[in-house]
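Trainee: I have a structure I would like to understand better, so I am pasting it below and will then ask my questions one at a time.
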Amino acid sequence: MKKISISANRRRFLRGALTAAPAAALAVTTGSLSATAQEQAGNVPYKPVFFNQDEFALLSALADTLIPADETGPGALEAGVPAFIDAQMNTPYGQGQLWYMQGPFTPDAPPEFGYQLPYPPRELYKKGLAEFDAAIRQQYGHGYVELNTQQREKMMGEFEKGDQGSLKMATIPPAALFNLLLQNVHEGYFCDPTDGGNKGMGSWKMIGFPGARADYYDWVDQYGRTYPLPPISRG
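All the letters of the sequence shown, read from the start, carry residue numbers -37 to -1, 1 to 198 under mature numbering (1 follows the signal peptide of the UniProt record, and there is no 0).
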């Protein structure tokens, strides 16, 4: 099998993402995203329904930095990840109906206590993206979208460090927004295309995932061999 050179960004992304891929590939949404999926499949320019244009441009830039396109496969933009996240915000998930949202909230609680902010995903994104962009503008004089690749990667590293990094946001803890973003990018990149992401099943093709095939029992114990059939969507 030919060894593929993988960029540092993609290697780091996939190391975390592949552990969540089976769950993400099965079903991430609780609402119908068929219109979004059709837009993606038909290469129709996506028009955000929850985020405004500036927020969507920032979300797209962040997703592109997390998983850029390279010789190994499509990036987040090619996979339609920003559109997937946008559509999720109008589902019960985005509205926080799938989370325990009762107080009291203790923002400085240990991670094992779970999410500790009073904002459902859609509100966390709205407030967090605005505060993130304000912090970038204070440091560079313009927003994250206008940064060059090296600056974007540097600030993504600070973003990932959370409270330990140099990125200071007004009220939203950087780690809370970063973790939500990373999780949703994972989901949008590896989900079934009927959920609005993974356009053209590009990520499945890249990793050799068979998708929603009903039966590939004959290949379960054929280790080291490449599965010869393309993936299929459940749609």
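Where a beta carbon is used, it is the ideal one built from N, C-alpha and C, also for glycine.
With H, G and I counted as helix, E and B as strand and the rest as coil, what does DSSP make of D184?
Mentor: DSSP places D184 in coil when its eight states are reduced to three.
Trainee: Out of G171, W182, F172, P156, which one is the CA nearest neighbour of E41?
Mentor: Nearest C-alpha to E41: P156.
Trainee: For G36, does the three-state DSSP call read helix, strand or coil?
Mentor: G36: strand per DSSP, three-state reduction.
Trainee: Report, in whole angstroms, the separation of the C-beta atoms of V44 and V148, which I expect to be a contact under 8 Å.
Mentor: With 8 Å as the limit, V44 and V148 qualify as a contact, their Cβ atoms being about 5 Å apart.
Trainee: By Cβ distance below 8 Å, which residues in the same chain neighbour M119 in space, the five residues on each side in sequence not counted?
Mentor: Around M119: L25, T28, L29.
Trainee: Apply the 10 Å Cβ neighbour rule to K117 and answer buried if 16 or more other Cβ atoms are within range, or exposed otherwise.
Mentor: Classification for K117: exposed.
Trainee: Could you tell me if residue 204 is buried or exposed, where buried requires 16 or more neighbouring beta carbons within 10 angstroms of its beta carbon?
Mentor: Because the chain is modelled from -37 through 198, residue 204 falls outside the range shown and cannot be assessed.
Trainee: Nearest to A20 by CA position, among A46, T35, A32, D33, is which residue?
Mentor: Minimum Cα distance to A20 is reached at A46.
Trainee: Taking the straight line between their C-alpha atoms, what separation do you get for F122 and D178?
Mentor: In a straight line, the C-alpha of F122 is about 42 Å away from that of D178.
Trainee: Taking three-plus beta-carbon pairs below 8 Å as touching, is the stretch 130 to 145 in contact with the stretch 88 to 95?
Mentor: With a cut-off of 8 Å, the stretch 88 to 95 and the stretch 130 to 145 count as touching, because enough Cβ pairs lie within range.
Trainee: Who are the Cβ neighbours of G(-7) in its own chain at under 6 Å, not counting the five residues just before and after it?
Mentor: Here G(-7) scores only 41 on pLDDT, less than 50, and its place in the model should not be relied on; the value that follows carries that caveat. Around G(-7): T54.
Trainee: From S129 to I99, what distance separates their C-alpha atoms?
Mentor: Near 10 Å, if we compare the C-alpha coordinates of I99 and S129.
Trainee: Assign I135 to one of three DSSP states: helix, strand, or coil.
Mentor: In this structure, I135 counts as coil in the three-state DSSP scheme.
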